[in-house]
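In the numbering used here, the protein residues as written are 27 to 487.
Working notes for the structure below.
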Amino acid sequence: MRFSTIDEALDWIYSFINLERDLDKRRRSEFYGLTPIRKLCENLGNPQNYYPSIHIAGSKGKGTVSFLLSSYYIKCKKKVGLYTSPHILKVNERIMIDNKPIEDDDFLIYLEPIYDYVVSIKEKSEKPSFFDIFTALAFYYFKIKQIDIAIIETGLGGRLDSTNILDPLCSVITNICLEHTEILGKTIKKIAYEKGGIIKEGKPVIVGRNKKIARKQISKKAKNTHSRLYYAPDYIKVRSDKDSIINDQIYSRYEIYLKRNRKRIQQSSRLIGLFQNENIETFYLSALVSEKSLGGLLKEYLLLHVIKDAYWPGRLNSKIVSDKLFLIDGAHTPEAIIKLVKTIIRFRKENIIQGDIAVIVGMMKDKNHIGMLKNLLKISSRFYFVELDKWKDSKVDNYIDSFKKLLHDHRKEKRIRFEVIKGLDWSTDEIIKKIENDYPEAGCILITGSLYIVSRFANYL
Numbered sequence: 027m028r029f030s031t032i033d034e035a036l037d038w039i040y041s042f043i044n045l046e047r048d049l050d051k052r053r054r055s056e057f058y059g060l061t062p063i064r065k066l067c068e069n070l071g072n073p074q075n076y077y078p079s080i081h082i083a084g085s086k087g088k089g090t091v092s093f094l095l096s097s098y099y100i101k102c103k104k105k106v107g108l109y110t111s112p113h114i115l116k117v118n119e120r121i122m123i124d125n126k127p128i129e130d131d132d133f134l135i136y137l138e139p140i141y142d143y144v145v146s147i148k149e150k151s152e153k154p155s156f157f158d159i160f161t162a163l164a165f166y167y168f169k170i171k172q173i174d175i176a177i178i179e180t181g182l183g184g185r186l187d188s189t190n191i192l193d194p195l196c197s198v199i200t201n202i203c204l205e206h207t208e209i210l211g212k213t214i215k216k217i218a219y220e221k222g223g224i225i226k227e228g229k230p231v232i233v234g235r236n237k238k239i240a241r242k243q244i245s246k247k248a249k250n251t252h253s254r255l256y257y258a259p260d261y262i263k264v265r266s267d268k269d270s271i272i273n274d275q276i277y278s279r280y281e282i283y284l285k286r287n288r289k290r291i292q293q294s295s296r297l298i299g300l301f302q303n304e305n306i307e308t309f310y311l312s313a314l315v316s317e318k319s320l321g322g323l324l325k326e327y328l329l330l331h332v333i334k335d336a337y338w339p340g341r342l343n344s345k346i347v348s349d350k351l352f353l354i355d356g357a358h359t360p361e362a363i364i365k366l367v368k369t370i371i372r373f374r375k376e377n378i379i380q381g382d383i384a385v386i387v388g389m390m391k392d393k394n395h396i397g398m399l400k401n402l403l404k405i406s407s408r409f410y411f412v413e414l415d416k417w418k419d420s421k422v423d424n425y426i427d428s429f430k431k432l433l434h435d436h437r438k439e440k441r442i443r444f445e446v447i448k449g450l451d452w453s454t455d456e457i458i459k460k461i462e463n464d465y466p467e468a469g470c471i472l473i474t475g476s477l478y479i480v481s482r483f484a485n486y487l
């Protein structure tokens, strides 16, 4: 084999342009396109065409919907490929079969033909990115393992995302908000145009709750491609009406109302947070439409089992440790933080959260820091800012001055206390111990700002 360990292989893969971390605009525009992934997959025999797929884009919720769909088809006794990003603990998590990550040995074996082709490329315009290589590896691995169906999540945008060489059964678009604006555009309309780029000629598209401007843009694309559009709220309404603690974790009770047959269902789940209402709606309708595209019928009892058993790391997970409630959520947009804050306010009213809240925040450079922090000020007066993975541009210096100005503008300098913990020398246990010593009044520790902070604090999941 070309590589003897997965670390060697990753060193090679990480040497390519990585739009998850590379914020240089010139290099982004040069490498953001479909030519490299098309050439790469053609060399592998276009493995993505050997199985049916469901293609999922969106700003929020696409990972959860992907995971729920994978879990549903597993319960339907199908062999399911799942491709998502980013990973939480180990890079293998990006490529799964039956919700189990690819083994290191398989990773190295199926990377070999990709390596052989890539090192032979002479044209600069055909050089793949980090994400192209991972996407090709996933497609190829799924083909060799003879899966029955693939659930494929976009990495960035949709129209020019590496995954958009698929011809899927259907496309799914979850909630759209302002994100990656330097690449996708600075308005909801422009971002919706990019996300809607995954809609394929004559193939149905399922759309989750969205702003009117986003729905209008997606509807225009669906009309131009003769694709039937299913808007989830027209078919189903989900609301969580009660939360409770069971076995040191928070559970939410959901009421699911199926509008077409006026049927009401209740189901408890470890999926918590007000944002999960729309994720469950989109999941339910996506399962229904994809089953129809496969010539089958929705198995409602299996779908409810999926909701009941679901656990997706980084999407508002809860855990009580030594009488202290830990909440970990990968929210990384102001819209996601707003829903997180509303959820926490509800937890307070239900007495699930007792005492004060300490917030650990880690954010990437390209995010709307002030939009996120302004909303977190509604629930806490104590903040601890941390940095993330060593190769992520997450330095607190990128936004701490803006935070200080925010406090000054809102006359909160005296009421809000914060501390900056720079670098990665502090272990997560040391950070938590420090908070417990500094702020014993805190009955809850919230960890948020990025999916990458979830990775750093994964031992508290």
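C-beta: ideal position from N, C-alpha, C; glycine also.
Secondary structure of Ile298, DSSP reduced to three states: Counting from one through the sequence shown, the residue named residue 298 turns up at place 272. Of the three classes helix, strand and coil, the one that applies to Ile298 here is coil, per DSSP.
Taking buried to mean at least 16 other C-beta atoms within 10 Å of its own C-beta, is His358 buried or exposed? Looking up residue 358 in the sequence shown gives position 332. It is buried - the Cβ of His358 has at least 16 other Cβ atoms within 10 Å.
Could you work out which residue in Ile135, Tyr141 and Gly89 is closest to Asn125 when comparing CA atoms only? Along the sequence shown, one-based indexing puts residue 125 at 99. Checked all of Ile135, Tyr141 and Gly89; the closest Cα to Asn125 is Gly89.
Pull up the CB-CB distance for Asn118 and Pro127, whole angstroms please, since I reckon it's below 8 Å. Within the sequence shown, the letter at position 92 stands for residue 118. Within the sequence shown, the letter at position 101 stands for residue 127. So it is a contact: roughly 4 Å between Cβ atoms.
Unbroken alpha helix (DSSP H) run spanning Lys345, endpoints: Here residue 345 corresponds to residue number 319 of the sequence shown, with the count starting at 1. It is not in any alpha helix (DSSP H) - Lys345 instead sits in the beta strand (DSSP E) that spans Asn343 to Val347.
From Tyr40, Phe133 and Phe301, residue whose alpha carbon lies closest to that of Tyr166: Taking the sequence shown and counting its residues from 1, one reaches residue 166 at position 140. For the residues Tyr40, Phe133 and Phe301, the minimum Cα distance to Tyr166 belongs to Phe133.
At least three beta-carbon pairs within less than 8 Å, the segment 421-433 to the segment 389-397: yes
Using 8 Å as the threshold, is the segment 77-88 in touch with the segment 137-157, meaning 3 or more CB pairs across them? Cβ pair count under 8 Å is below three, so no.
Given 8 Å, three or more beta-carbon pairs between the segment 272-279 and the segment 312-322: no
Beta strand (DSSP E) runs wholly inside the segment 376-450, at least 3 long, in chain order: 382-387, 408-412 and 443-447
Can you name, in chain order, every residue of its own chain whose Cβ lies under 7 Å from the Cβ of Tyr98, other than the five neighbours on each side? What you label residue 98 is simply residue 72 of the sequence shown in a count that begins at 1. These residues qualify, in order along the chain: Ala313, Leu328, Leu329 and Val332.
For the beta strand (DSSP E) holding Phe352, just list the boundary residues, first then last. In the sequence shown, counting from the first residue as 1, residue 352 sits at position 326. Lys350 to Ile354 is the span of the beta strand (DSSP E), which, as asked, contains Phe352.
Using 8 Å as the cut-off, can you tell me whether the segment 136-144 makes contact with the segment 200-208, which would need three or more C-beta pairs spanning the two stretches below that distance? The segment 136-144 vs the segment 200-208: no contact.
DSSP bridge partner residues for Pro505 (one or two, in chain order): Absent from the structure is residue 505, since the part of the chain shown begins at 27 and ends at 487.
Under DSSP, the beta strand (DSSP E) around Gln243 begins and ends at which residues? As a first step, residue 243 must be located in the sequence shown, where it is residue number 217. Not the beta strand (DSSP E): Gln243 falls in the alpha helix (DSSP H), residues Lys238 to Asn250.
Option nearest Ile2 by Cα separation, candidates Glu281, Gly228, Gly469 and Leu311: With the chain represented from 27 up to 487, any question about residue 2 goes unanswered, as that position is not in the structure.
So, is Lys440 buried or exposed, given that buried needs 16 or more other C-beta atoms within 10 angstroms? For this step, residue 440 is matched to residue 414 along the sequence shown. Its Cβ having fewer than 16 others within 10 Å, Lys440 is exposed.
The segment 429-439 contacting the segment 393-407, beta-carbon criterion three pairs below 8 Å: Cβ pair count under 8 Å is three or more, so yes.
Please state if the CB of Leu108 and the CB of Ile39 are separated by a distance shorter than 8 Å. If you number the sequence shown from 1, residue 39 lands on position 13. If you number the sequence shown from 1, residue 108 lands on position 82. Between Ile39 and Leu108, the C-beta gap is not smaller than 8 Å, which leaves the two residues out of contact.
Between which two residues does the alpha helix (DSSP H) holding Ala35 run? Here residue 35 refers to the residue found at position 9 when the sequence shown is read from its first residue. Per DSSP, the continuous alpha helix (DSSP H) segment holding Ala35 begins and ends at Ile32 to Ile39.
Cβ-based neighbour list, Val198, same chain, cut-off 6 Å, excluding 5 preceding and 5 following: Along the sequence shown, read from residue 1 onward, the residue named residue 198 stands at position 172. Counting only Cβ-Cβ distances below 6 Å, and skipping sequence neighbours, we find Ile82, Ile232 and Ser312.
Of the residues Thr200, Lys169 and Ile173, which one's Cα is nearest the Cα of Glu179? By 1-based counting over the sequence shown, the position of residue 179 is 153. Ranking the options by Cα distance to Glu179, first place goes to Thr200.
Is there contact between the segment 286-306 and the segment 248-264, where contact requires at least three CB pairs shorter than 8 Å? yes
Kindly indicate which three-state DSSP category Ile199 falls into: helix, strand or coil? As a working note, residue 199 is residue 173 in the sequence shown. Ile199: strand per DSSP, three-state reduction.
CB Gly356 to CB Ala468, shorter than 8 Å? Indexing the sequence shown from 1 puts residue 356 at position 330. Indexing the sequence shown from 1 puts residue 468 at position 442. Against a cut-off of 8 Å, the Cβ pair of Ala468 and Gly356 comes out as no contact.
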